[in-house]
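Residue numbers (numbering that gives the first Met the number 0), protein chains in the order written: chain A, 0 to 79; chain B, 0 to 595. C-beta atoms are modelled at their ideal positions from N, C-alpha and C, and glycine is treated no differently. What you are looking at is a predicted structure, and each value in this text was computed from that prediction instead of being measured. Read through the structure below, which is laid out as C-alpha cells, and then see the notes.
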Amino acid sequence: MTNDEARQLIRSVLHQVAPEADLDEVGAGETLQEALDLDSMDFLNFVVGLHEATGLEIPERDYPQLSTVEGCVTYLTSAG
Amino acid sequence: MQWETIHKPIEHDDPSPNMGDYVAERDAFTWEDARRALDGLPGGRGLNIAHEAVDRHAAGPRREHVALLCLDRHGERNEVTYAELAESSNRFANILDTLGVVAGERVFVLMQRTADLYVAALGTLKHRSVLCPLFAAFGPEPIRQRLELGTGCVLVTSPTLYRRKVAGIQDRLPSLRHVLVAGGSTASETAEGARTLDLDALLAGASSQYEIGPTDPEDMALLHFTSGTTGMPKGAVHVHEAVVSHHATGRIALDLHPDDVFWCTADPGWVTGTSYGIVSPLVHGVTSIIDEGDFDAERWYSVLENEGVTVWYTAPTALRMLMQAGADVAKAHDLSRLRFVASVGEPLNPEVVVWGQEALGLPIHDNWWQTETGGIMVANYACMDIRPGSMGRPLPGIEAAVLVRDDHGNVAVSGDGTAVESAVGQEGELALRPGWPSMFRGYLGDTERYQSCFAGGWYLSGDLVRRDEDGYFWFVGRGNDVIKSSGHLIGPFEVESTLMEHPAVAEVGVIGKPDPLCGEVVKAFVTLRAGYEPNEDLRLDLLGFSRKRLGAAVAPREIAFDQHLPHTESGKIMRRVLKARELGLSEGDTSTLAAS
C-alpha cells in the first residue's frame with residue numbers, strides 16, 4: 000500500500016465512524032481522538048474498520064501506533 | 000449459569016478493611032457519627048466540601064502529601080500537594096470574588112482532566128458558588144442547554160474546547176458573564192473580541208489567601224445534569240452536606256486508607272468523577288490519580304503498575320475492554336499493589352467479576368448509585384462475600400426496599416399512603432428511604448419533577464431489581480426508556496430533538512440497543528420526509544449532523560430508516576416497541592423488555 004492509498008483508506012474508514020470529522024483538521028502529531036473529538040468507542044470502531052478494509056490482524060498492543068495519521072500511514076504501508 | 004460465591008476475607012488483605020463486618024457496621028452506623036468524622040469550618044461556621052477536601056489537610060500533617068497526581072496525554076507527571084491545592088484553589092475563589100460572582104451562582108467547568116479543572120472545582124466550592132462540571136465530549140448543543148438551564152454565569156474551559164464548542168453558542172447565553180480560558184500561551188487563540196479571560200494570568204495575579212465564608216450544610220454546592228425519559232436534562236441539586244456521604248462511602252465502600260493511591264477513572268463531567276474523582280479521595284487525604292488520556296489497555300495497566308495504584312474505581316465498559324484485550328496484557332504488569340477494585344455505571348456481568356480474579360488477582364466489587372443519590376447506595380464490600388452479578392447490599396445508613404409496581408409501571412401505594420414491598424425474589428422498583436446526606440435536594444427549577452421521584456415515603460430510583468433471601472440486590476432492568484451507554488445516562492428525547500432539526504427527518508425514535516461492550520448503544524430510527532431517499536449518504540449525513548451537535552458521548556452510533564414507526568393512540572412514538580423489534584421479540588411482549 001502506498002502512502003496515498005493508506006491516507007485514502009484512513010479517510011474512508013473515518014468517514015464511516017465519524018462522518019463529521021475532517022482529517023485535514025488534524026495537526027501533525029495530534030491524536031485523532033483529541034483533534035476530532037472521538038471517544039474510545041469511535042477509536043475502537045476505527046481500528047475495526049481498518050481491519051475489515053485490509054484484513055490485517057491488529058493486536059491491542061498496536062492500537063497506540065494508530066492514534067495519529069502519520070502512525071496509521073506507517074502502520075498500513077509497512078504491513079504491506 | 001450459577002456463579003460461585005467469592006468468599007471473604009481475602010487472606011492477604013493488608014491493611015485490613017475499614018469495615019470488618021457488614022451486619023455489625025450496619026447496626027451501629029449513624030449519620031451523626033459519620034458527620035463527626037469531619038472537621039466542619041473553623042469557629043463553627045458550618046460545613047464546606049472544599050474545607051474538608053483540601054484546607055484541613057493543608058493545615059495539618061498531610062500538608063506535603065500528594066493530593067493529585069496528574070498524568071497528561073503524553074505521560075508527563077505533575078504532582079500537586081495538599082498545600083499547593085489549597086493555595087491554587089484559594090486563588091480561584093479570589094478570582095470569582097473579583098469578577099463579582101456571588102455565593103449560589105453557578106460556575107460551569109468544561110475541561111479535559113488537568114489540574115486546572117480540580118483547582119476550579121475546589122475554588123468554586125470554597126467561594127460557595129455552585130459547581131457544575133460538564134463532560135468535554137459533549138457537543139455544543141448539550142453544553143448550551145445545560146448552561147441555559149443552570150443559568151451559568153462563569154464557564155471555565157480550555158482554548159480548544161472554547162474554539163470548538165463554546166465560541167459558537169456564547170451569544171445565545173445571556174446569563175454567561177465570563178468565560179475563563181486556561182492554557183497560557185495558546186489562550187491568545189481565543190482573544191478575538193476579548194470575549195474570554197485568561198485564567199492563568201488571573202490565577203497568577205490573585206491572592207493565595209482565602210477564608211471560606213460561613214457555609215450552611217444545606218447550601219447548594221453541586222449541580223449535576225442527568226437525563227430523563229422525556230424532556231430536557233434535569234439539574235440535580237446537591238448541597239455541602241453531601242460530603243458526609245462522600246466521606247462515609249469512601250471509608251466503607253471504597254475502603255480508603257491514608258496511604259492509598261486511588262484512581263477513579265470517571266470524568267468529573269459525570270457524577271462519579273465528581274463525588275469519587277474529586278471529593279471522596281481528597282476528603283480522605285489520599286493521593287488521587289488524574290489521567291487526562293482516554294482508555295487504552297496498555298496505558299491503563301501501566302498507570303496501575305507505575306503509580307502503584309492500591310484502590311481502583313472504574314466502569315464495566317472499561318473492564319470489558321480490558322477483558323477483550325486478554326489476560327496476557329494484564330499479566331505483563333506487576334499489579335501487586337492493587338488491593339481493592341470497584342465498578343459502577345451499569346450492572347457488572349459475573350464474567351467480569353470472575354475475570355478480575357484471574358487477570359488482576361482480585362475480584363471486582365460492583366456497586367450501584369445514581370446522580371440523584373450523590374453517592375454509593377448499594378455495594379459489594381471488602382469484607383463481604385461477593386455473589387457475582389449482584390450489586391451487593393445497602394450501605395450502612397441506607398434503607399433500601401423493592402417496591403411493587405402496578406400495571407402502569409407506578410409504585411403501588413396502599414390506602415394508608417404506604418408503598419407495598421415485593422416479596423423476596425420478586426422484582427420491583429429499587430427505592431431508598433430519604434434522608435441521607437448526599438440525596439439531591441431538587442431538580443433546579445422543576446419542583447414537580449422532583450416530587451414525582453417520591454411515593455409512599457420512598458425515593459424511587461426507576462431501576463427494577465430483586466432482592467435475594469440474604470438481602471443482596473440484583474439488577475433486573477430499567478423501569479424507563481433512559482439509555483445507559485458506557486455507564487452514562489442519555490435521554491432519548493435529547494437525541495430525538497436534535498435529529499428532528501435535520502431537514503430530511505419527519506420523525507424519529509431513539510432506543511438503547513444492547514451492546515456487549517457498552518451495555519447499550521444509542522440507536523435512532525428515522526422516518527424521512529417526502530422527497531428524501533433512504534441511502535448510505537443520507538445515513539452518514541444524519542450521523543455526522545447529530546455527532547457535530549451532540550458530541551460522541553450522546554450522539555447515536557447507529558441510524559436506521561423506518562417509515563413505519565410504532566405510535567400510541569395519542570401519537571407518541573412507542574420506544575418499547577422499537578426496542579422489541581430490534582431484539583426480535585414479539586411486539587406485544589414488551590413486558591420482558593425491562594429484563595433485556
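For Ser-590/B, count neighbouring Cβ atoms within 10 angstroms of its own Cβ and tell me buried if that reaches 16, exposed if not. The residue labelled residue 590/B in the question sits at position 591 within the second sequence. Here Ser-590/B scores only 48 on pLDDT, less than 50, and its place in the model is too uncertain to base an answer on.
With DSSP collapsed to three states, give me the class of Met-438/B. Within the second sequence, residue 438/B is the residue found at index 439, counting from 1. Looking at Met-438/B - three-state DSSP - the assignment turns out to be coil, as it is neither helix nor strand.
Let me know the secondary structure DSSP gives Gly-444/B once reduced to three states. Residue numbering aside, residue 444/B sits at position 445 when the second sequence is read from its first letter. Here Gly-444/B sits in coil by DSSP.
Leaving out five residues before and five after Glu-447/B in sequence, what residues of the same chain have Cβ atoms less than 8 Å from its Cβ? The residue labelled residue 447/B in the question sits at position 448 within the second sequence. None.
The stretch 154-171 of chain B / the stretch 101-110 of chain B touching (three or more Cβ pairs under 8 Å): yes
By DSSP's criteria, Val-178/B is part of a beta bridge. Which residues make up the other side? In the second sequence, counting from the first residue as 1, residue 178/B sits at position 179. Val-178/B pairs with Leu-154/B.
Taking Cβ positions only, does Glu-493/B come closer than 8 Å to chain A? In the second sequence, residue 493/B corresponds to position 494, counting from 1. No, Glu-493/B does not count as interfacial toward chain A.
Distance check for Arg-171/B and Thr-189/B, CA to CA, integer angstroms please. Here residue 189/B corresponds to residue number 190 of the second sequence, with the count starting at 1. Here residue 171/B corresponds to residue number 172 of the second sequence, with the count starting at 1. Only weak support is given to the placement of Thr-189/B: the predicted model assigns it a pLDDT of 47, under 50, and the question is left unresolved by the model.
Rounded to the nearest angstrom, what separates Val-494/B and Ala-554/B at their Cα positions? Translated into the one-based positions of the second sequence, residue 494/B becomes position 495. Translated into the one-based positions of the second sequence, residue 554/B becomes position 555. Using only the alpha carbons, I get a separation of about 7 Å.
Identify whether Asp-21/A lies in helix, strand or coil by the three-state DSSP scheme. The sequence position of residue 21/A within the first sequence is 22, counting from 1. Reduced to three states, the DSSP call for Asp-21/A is coil.
Who are the Cβ neighbours of Ile-397/B in its own chain at under 8 Å, not counting the five residues just before and after it? Numbered from 1 along the second sequence, position 398 holds the residue referred to as residue 397/B. Correct list, in chain order: Met-376, Val-377, Leu-431, Arg-432 and Trp-435.
Closest Cα partner of Asn-348/B within the set Ile-363/B, Ser-335/B and Arg-574/B: Taking the first residue of the second sequence as 1, we reach residue 348/B at position 349. The shortest Cα separation from Asn-348/B among Ile-363/B, Ser-335/B and Arg-574/B belongs to Ile-363/B.
Using only the alpha-carbon positions, how far apart do Thr-214/B and Tyr-442/B sit? Locating residue 214/B in the second sequence gives position 215, where the first residue counts as 1. Locating residue 442/B in the second sequence gives position 443, where the first residue counts as 1. The straight-line gap from Cα to Cα measures roughly 21 Å.
Compute the Euclidean distance between the alpha carbons of Asp-406/B and Arg-6/A, then round it to the nearest angstrom. On the second sequence, position 407 is the one that residue 406/B refers to. On the first sequence, position 7 is the one that residue 6/A refers to. Going by the C-alpha atoms only, they are around 56 Å apart.
For the 8 Å Cβ check, are there 3 or more pairs between the stretch 42-56 of chain B and the stretch 196-216 of chain B? Counting Cβ pairs under 8 Å, three or more are found: they touch.
Rounded separation between Thr-150/B and Pro-173/B - CA only: Counting from 1 along the second sequence, the entry for residue 150/B is found at position 151. Counting from 1 along the second sequence, the entry for residue 173/B is found at position 174. If I take the Cα positions, the gap works out to 9 Å.
Closer than 7 Å by C-beta to Asp-538/B: which residues in its own chain qualify, once you throw out the five before and the five after it? Chain order, please. Walking along the second sequence from the start, residue 538/B turns up at place 539. A quick correction: the sequence has Arg, not Asp, at residue 538/B. Within the same chain, Arg-538/B has close Cβ partners Ile-558.
List, in chain order, every chain A residue whose beta-carbon is nearer than 7 Å to that of Asp-290/B. Here the question's residue 290/B lines up with position 291 in the second sequence. Those do not exist, as Asp-290/B stays about 13 Å from chain A at its closest Cβ, beyond 7 Å.
Taking Cβ-Cβ distances below 7 Å as the criterion, which residues of the stretch 326-345 of chain B are in contact with chain A? Val-328
8 Å contact criterion, which Tyr-471/B and Gly-391/B should meet: CB distance rounded: Residue mapping note: residue 471/B aligns to position 472 of the second sequence, counting from 1. Residue mapping note: residue 391/B aligns to position 392 of the second sequence, counting from 1. Indeed, because the Cβ distance is near 6 Å, the residues count as touching under 8 Å.
Is Ala-579/B near the ligand HEM, judged by its Cβ being under 7 Å from some heavy atom? Because no ligand of any kind appears in the structure shown, any question about the ligand HEM cannot be addressed here.
Tell me, please, which residues DSSP counts as bridged to Trp-526/B. The residue labelled residue 526/B in the question sits at position 527 within the second sequence. Trp is not the amino acid found at residue 526/B; the sequence shown has Thr there. For Thr-526/B, which the question treats as bridged, DSSP gives the partners Glu-506/B.
Please name the residue in Thr-229/B, Leu-84/B, Pro-232/B and Leu-549/B whose C-alpha comes closest to that of Gly-138/B. For the purposes of this step, residue 138/B is identified with residue 139 of the second sequence, where counting begins at 1. Leu-549/B is the residue among Thr-229/B, Leu-84/B, Pro-232/B and Leu-549/B whose C-alpha sits nearest the C-alpha of Gly-138/B.
Return yes when the Cβ of Ser-389/B is within less than 8 Å of the Cβ of Leu-429/B, no when it is not. Residue numbering aside, residue 429/B sits at position 430 when the second sequence is read from its first letter. Residue numbering aside, residue 389/B sits at position 390 when the second sequence is read from its first letter. Against a cut-off of 8 Å, the Cβ pair of Ser-389/B and Leu-429/B comes out as no contact.
Touching or not, the stretch 175-182 of chain B and the stretch 56-69 of chain B, by the rule of three or more beta carbon pairs under 8 Å? Output reads no: the stretch 56-69 of chain B does not touch the stretch 175-182 of chain B.
Quick one: what does DSSP say Lys-125/B is sitting in, helix, strand or coil? If you number the second sequence from 1, residue 125/B lands on position 126. Helix at Lys-125/B.
Looking only at its own chain, which residues have a Cβ that is under 7 Å from the Cβ of Pro-315/B, when we skip the five neighbours before and after it? One-based indexing of the second sequence puts residue 315/B at position 316. Excluding sequence neighbours, Pro-315/B sits near Ser-342, Gly-344, Glu-345, Leu-347, Val-351, Gly-486 and Gly-518.
Among Tyr-209/B, Leu-154/B and Pro-267/B, the one whose alpha carbon lies nearest that of Leu-196/B: Counting from 1 along the second sequence, the entry for residue 196/B is found at position 197. Looking at the Cα atoms, Leu-154/B is the closest of the given residues.
Could you list which residues in chain A have their beta carbon closer than 9 Å to that of Ala-552/B, in chain order? Working through the second sequence from its first residue, we reach residue 552/B at position 553. Under the 9 Å cutoff, chain A gives Asp-38.
Based on Cα-Cα distance, which residue from Val-53/B, Cys-69/B and Glu-104/B lies nearest to Ala-82/B? For the purposes of this step, residue 82/B is taken as residue 83 along the second sequence, with counting starting at 1. Looking at the Cα atoms, Val-53/B is the closest of the given residues.
Quick check: is the beta carbon of Glu-674/B nearer than 8 Å to any beta carbon in chain A? Outside the displayed range of chain B (0 to 595) lies residue 674/B, so it cannot be described from this structure.
Which listed residue (Leu-68/B, Tyr-117/B, Leu-402/B and Gly-424/B) has its alpha carbon closest to that of Leu-303/B: For the purposes of this step, residue 303/B is taken as residue 304 along the second sequence, with counting starting at 1. For Leu-303/B, the nearest C-alpha among the options comes from Leu-68/B.
From Met-18/B to Thr-248/B, what distance separates their C-alpha atoms? As a working note, residue 18/B is residue 19 in the second sequence. As a working note, residue 248/B is residue 249 in the second sequence. In a straight line, the C-alpha of Met-18/B is about 11 Å away from that of Thr-248/B.
Alpha-carbon spacing of Leu-75/A relative to Met-322/B, whole angstroms: As a first step, residue 75/A must be located in the first sequence, where it is residue number 76. As a first step, residue 322/B must be located in the second sequence, where it is residue number 323. The straight-line gap from Cα to Cα measures roughly 26 Å.
Cross-chain neighbours of Phe-560/B in chain A, by beta carbon under 7 Å: Stepping through the second sequence from its first residue, residue 560/B is reached at position 561. Simply none; closest approach about 16 Å.
What are the residues of the stretch 54-78 of chain A that lie near chain B, defined by any Cβ-Cβ distance shorter than 7 Å? The residues in question are Glu-59, Arg-60, Tyr-62 and Pro-63.
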